[in-house]
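Just so you know, the protein sequences line up as chains A and B, in that order. Numbered by the numbering used here, the letters in the first sequence go through residues 226 to 784 in order. Numbered by the numbering used here, the letters in the second sequence go through residues 876 to 1030 in order. The beta carbon of each residue, even a glycine, is placed where N, CA and C say it ideally should be.
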Amino acid sequence: MYRYDEFDEAIVRDRIAQFRAQVARRLDGSLSEEEFVLIRQMNGLYLQLHAYMLRVAIPYGTLNSRQARQLALIAERYDRGYGHFTTRQNIQFNWPRLIDVPEILELLADVQMHCIQTSGNCIRNVTADHLAGAAADEIEDPRPTAELIRQWSTLHPEFSYLPRKFKIAVSGAVQDRAVLAIHDIGVQIVYDEDRGGIGYRISVGGGMGRTPMLAKVIRDFLPKEELLSYLEAILRAYNLAGRRDNKHKARIKILIHEIGIDAFRERVERIFARLDRSAIEVDAAERARIAAYFAPPPFADLPAASAVLEEARRRDSALDAFARTNIIRHRHPAYAALTVSTKPIGGVPGDVTAAQLRVLADLAETYSFDELRIAHTQNVVLPHVRLDDVPAVWARLVEAGLATANAGLVTDIIACPGMDYCKLATARSIPIAQAISERFADPARAAEIGPVGIKISGCINACGHHHVGNIGILGLERQGIENYQITIGGDATELAALGERIGPGVDAEAVPEVIERILATYLAERAPGETFADTVRRIGIEPFRPALAAPKEAVREAA
Amino acid sequence: MKLLDRTGWIDDPFVREGEGANLLPLEAAHGALGRVRPLGIEAPATTDPESLAGLLDQVDLIAINFPGHRDGRGFSIGRALRELGFSGRLRATGELIPDHLALALACGFDEVEIDDARAARQPIEQWLAAASVVGLAYQQVRDGRRSIFAARRVA
Chain A
226 MYRYDEFDEA
236 IVRDRIAQFR
246 AQVARRLDGS
256 LSEEEFVLIR
266 QMNGLYLQLH
276 AYMLRVAIPY
286 GTLNSRQARQ
296 LALIAERYDR
306 GYGHFTTRQN
316 IQFNWPRLID
326 VPEILELLAD
336 VQMHCIQTSG
346 NCIRNVTADH
356 LAGAAADEIE
366 DPRPTAELIR
376 QWSTLHPEFS
386 YLPRKFKIAV
396 SGAVQDRAVL
406 AIHDIGVQIV
416 YDEDRGGIGY
426 RISVGGGMGR
436 TPMLAKVIRD
446 FLPKEELLSY
456 LEAILRAYNL
466 AGRRDNKHKA
476 RIKILIHEIG
486 IDAFRERVER
496 IFARLDRSAI
506 EVDAAERARI
516 AAYFAPPPFA
526 DLPAASAVLE
536 EARRRDSALD
546 AFARTNIIRH
556 RHPAYAALTV
566 STKPIGGVPG
576 DVTAAQLRVL
586 ADLAETYSFD
596 ELRIAHTQNV
606 VLPHVRLDDV
616 PAVWARLVEA
626 GLATANAGLV
636 TDIIACPGMD
646 YCKLATARSI
656 PIAQAISERF
666 ADPARAAEIG
676 PVGIKISGCI
686 NACGHHHVGN
696 IGILGLERQG
706 IENYQITIGG
716 DATELAALGE
726 RIGPGVDAEA
736 VPEVIERILA
746 TYLAERAPGE
756 TFADTVRRIG
766 IEPFRPALAA
776 PKEAVREAA
Chain B
876 MKLLDRTGWI
886 DDPFVREGEG
896 ANLLPLEAAH
906 GALGRVRPLG
916 IEAPATTDPE
926 SLAGLLDQVD
936 LIAINFPGHR
946 DGRGFSIGRA
956 LRELGFSGRL
966 RATGELIPDH
976 LALALACGFD
986 EVEIDDARAA
996 RQPIEQWLAA
1006 ASVVGLAYQQ
1016 VRDGRRSIFA
1026 ARRVA
């Protein structure tokens, strides 16, 4: 993985000094609270319901054992012994004190981590496919591109005060595991022999929130050496013309919706034509320097099948269940990527304790070339595990309470922090996730239902990605009572789609029953081999509406 | 109003009002083009930088207004004007805070003009400290710092 050189190191340390000075100016009154808010947010610091929250970037989801141990230390020393993985490859600490934040930032810098631009109206932490370098369907590793974007976007003087936040994601595979379509910019690595080989397909204008939109393609092929200039052209067109009169209409998706993708493309191309690309782009040597850090690890030349694993699976049905759900096929046939679920039955999605972080660090170090990945699903991935080693890894995961065999299943629920932590929330998310998880606790039932993505947001801002959940749950507040709207048909893959509401919202207590009915409808309707998403695509959402019909007392009129 | 640049407070040779006024709103400046030198124009944050392309060699100063401390349109306008070849003085006016000075300088601005109340609340030492705290930039910037990407090329 990437390692800072002296320049990267210096800029992170300078940023901490800058933040210290900013806090001092806030405390002596030189900066007003209003002026300070955006400044602290640009360094990942929020003021939540009960305390400050510090959001740490895990750029493109890559973490090594030393970093994971440092996060464990911070969780223990400055938090309540745990951290929370988000849907954007960040980890959040929910209980730091303001006075401790500069010290935490120094500890992060010691392991080449930071909180730069994890919030604020700027280019946020760049995300990427969590299976980068491991996926069997990869065209090119997205991490060198993501790292280049991370550096270029860091403290960018022109784009630090955009109309609104700005999210960029990168995928280098056929399957989209980075949900490009919901990002302000999606960078898809493509191969086109006629146009010079590897390049990028750039999409723009995706986003969740109260006006969800899927990104549209603005350039179907962009040469690699023009990437940063083209991103600058998009950002400048947005910075100049994006709406600043209404926070809810300030994302680039609204600008593009209002003027149309063709008019927006014309503006971008006009700016692009004038930019001094030689001053913006890096040369081939710099691209190669970055890419070298992501060279494949020295995989052992082993047979594709593992007798050790097969034998262990036969002996232990729990391991067998784990292997069936949590092993992801690897580009190297003797290896697997393993999903480590942060969703035990009844648990808080995305929460990991300091002790668990240390176990993950140990496992990464011993079995996975010192690498961990954080997925947008809030799970952790050990990207390069020998098939022969799976039983040993699994045994350690079992001890640590990290071996839940539910990757991609009904209990692998994405949920935002909701009203348990978040100042913006209108309803609770975590208890809803826990109740659904308890309801479908039986592994045999979950296996029978098969892959289905439930995503829960506790407010319209949609941090839980409910719009692209196969089943989406949005918590709102009506007359002082939490009310949950259910959507069906969302899709977070390369077949990206926004879900549709199946009817009026329901009370919190009714949600598990409604999910039960929706899944019963699917089981009754599905054709052989169909996943939930396949069935919904084929039959539409109409057959699912009756799921809301009863219990009547739990169903409320939508406003 | 107070004017500052990377060295501290500076005197303002441009005058907005009265006889000899030479810092004029964009819409009032056309009559003065070619007649008044030095001439400054004031443009709002809604300005399309390309719309100024035709008069860049007839003005000595362009002042871009920042209407709010969260509003970064001016940074794009400033950089675009430099890319269009403007070599005169570039001034940022309005609701800037000390932390914006580094960004403004990096985007090609020379100076920042603030009102007296802000100058009292945010003294010059804070502006100068904020402008120099981050000593490096990945991007090619116009404030004298060498870009990290350029530095690596040499290293």
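Next on the checklist: Spatial neighbours of I299/A within its chain, please: C-beta separation below 7 Å, excluding the five flanking residues on both sides.
Outcome noted: F318, I329, L332
Next on the checklist: Output needed for V934/B: all residues of its chain with C-beta closer than 7 Å, excluding positions within five of it in sequence on either side, in chain order.
Outcome noted: Excluding residues up to 5 positions away in sequence, L914, G915, I916, G963 lie with their Cβ nearer than 7 Å to the Cβ of V934/B in the same chain.
Item to check | Residues near W377/A by beta carbon distance below 7 Å, same chain, minus five either side | outcome: Residues L453 of the same chain have their beta carbon placed closer than 7 Å to that of W377/A, with the five preceding and five following residues left out of the count.
Checklist entry - So, using beta-carbon positions, are P924/B and L956/B closer together than 7 Å? => result yes
Item to check | I766/A versus E738/A: straight-line alpha-carbon distance, rounded | outcome: 18 Å
Checklist entry - At which residue ranges does the segment 638-695 of chain A contain complete alpha helix (DSSP H) runs of 4 or more residues, listed in the order of the chain? => result Here the runs fully enclosed are 655-664, 668-674.
Checklist entry - If you measure from the beta carbon of V326/A to each beta carbon in chain B, is any gap under 7 Å? => result Chain B contact via Cβ: absent.
Next on the checklist: Would V911/B pass as an interface residue toward chain A - the criterion being a Cβ-Cβ separation below 7 Å?
Outcome noted: no
Checklist entry - In angstroms, rounded to a whole number, what distance separates the CA positions of E673/A and V736/A? => result Between E673/A and V736/A, the C-alpha separation is close to 20 Å.
Item to check | Sequence-distant residues of the same chain with beta carbon closer than 6 Å to A904/B, five excluded per side | outcome: I916
Checklist entry - Going by Cα to Cα distance, which pick from N940/B, C982/B, G909/B is closest to D990/B? => result N940/B
Checklist entry - Which residues of chain B have a Cβ atom closer than 9 Å to the Cβ of Q376/A, listed in chain order? => result Y1013, I1023, F1024
Checklist entry - Is I374/A closer than 7 Å to L1011/B when the C-beta atoms are compared? => result no
Next on the checklist: I'd like to confirm the pairing. Which residues does DSSP put opposite N708/A in its beta bridges?
Outcome noted: L701/A, D732/A
Checklist entry - Near L447/A, what residues of its chain come up, given a Cβ to Cβ distance below 6 Å and the 5 sequence neighbours on each side ignored? => result G424, Y425, I427, Y455
Next on the checklist: Looking at chain A, is there any beta carbon in it that lies within less than 7 Å of the beta carbon of L978/B?
Outcome noted: yes
Item to check | L585/A, buried or exposed, once every other Cβ within 10 Å from all chains shown has been counted against 16 | outcome: buried
Next on the checklist: Taking 7 Å as the threshold (C-beta atoms), are L649/A and N708/A in contact?
Outcome noted: no
Next on the checklist: Our contact map puts I713/A next to I698/A with C-beta atoms below 8 Å; I'd like the distance itself, whole angstroms only.
Outcome noted: No, I713/A and I698/A are not in contact; Cβ-Cβ is about 11 Å, not under 8 Å.
Next on the checklist: Determine, for P558/A, whether the minimum Cβ-Cβ distance to residues of chain B falls below 7 Å.
Outcome noted: no
Next on the checklist: For chain B, check one thing: does any of its Cβ atoms lie closer than 7 Å to the Cβ of A784/A?
Outcome noted: Since pLDDT at A784/A reaches only 37, below the 50 mark, its modelled position is unreliable, and the value read off the structure follows with that caveat. False, the Cβ-Cβ gap to chain B never drops below 7 Å.
Item to check | Alpha carbon of R402/A to alpha carbon of D354/A, nearest angstrom | outcome: 5 Å
Checklist entry - Between the segment 998-1017 of chain B and the segment 381-388 of chain A, do three or more beta carbon pairs fall short of 8 Å? => result Three or more beta-carbon pairs drawn from the segment 998-1017 of chain B and the segment 381-388 of chain A are found closer than 8 Å, and the two stretches are therefore classed as touching.
Item to check | Listed by chain order, chain B residues near Q292/A by CB distance under 7 Å | outcome: Going along chain B, no residue has its Cβ under 7 Å from Q292/A, so there is no contact; the nearest lies around 22 Å.
Item to check | Chain-ordered neighbours of Y926/B on chain A, where CB pairs are closer than 9 Å | outcome: It should be noted that the sequence gives Ser, not Tyr, for residue 926/B. Chain A residues near S926/B: none, gap ~12 Å exceeds 9 Å.
Checklist entry - The alpha helix (DSSP H) spanning A586/A covers which residue range? => result 579-592
Checklist entry - For F244/A versus R251/A, is the C-beta spacing smaller than 7 Å? => result no
Checklist entry - Quick one: is K472/A buried, meaning 16 or more other Cβ sit within 10 Å of its Cβ, or exposed? => result exposed
Checklist entry - Sorted by chain position, which residues of the same chain lie with C-beta nearer than 8 Å to R349/A's C-beta, five sequence neighbours on each side aside? => result R313, Q342, T343, K390, F391, K392, I393
Checklist entry - Smallest Cα separation from A530/A: which of A543/A, V248/A, A625/A, A561/A? => result A561/A
Next on the checklist: Using the three-state DSSP reduction, which class does W1002/B fall into: helix, strand or coil?
Outcome noted: It is helical.
Checklist entry - For chain B, is any of its Cβ atoms less than 7 Å away from the one on H309/A? => result With 7 Å as the cut-off, H309/A does not count as an interface residue toward chain B.
Next on the checklist: So, under 8 Å CB-CB, S654/A and G683/A are touching, yes? Tell me the CB distance rounded to an integer number of Å.
Outcome noted: Right, their Cβ atoms sit about 4 Å apart.
Checklist entry - Who are the neighbours of F950/B on chain A, taking C-beta pairs under 9 Å? => result Counting only Cβ-Cβ distances below 9 Å, F950/B has contacts in chain A at P382, E383, F384, S385, Y386, N464, in chain order.
Next on the checklist: For a cutoff of 7 Å on Cβ pairs, would you count I972/B as touching chain A?
Outcome noted: yes
Item to check | At least three beta-carbon pairs within less than 8 Å, the segment 470-490 of chain A to the segment 430-440 of chain A | outcome: yes
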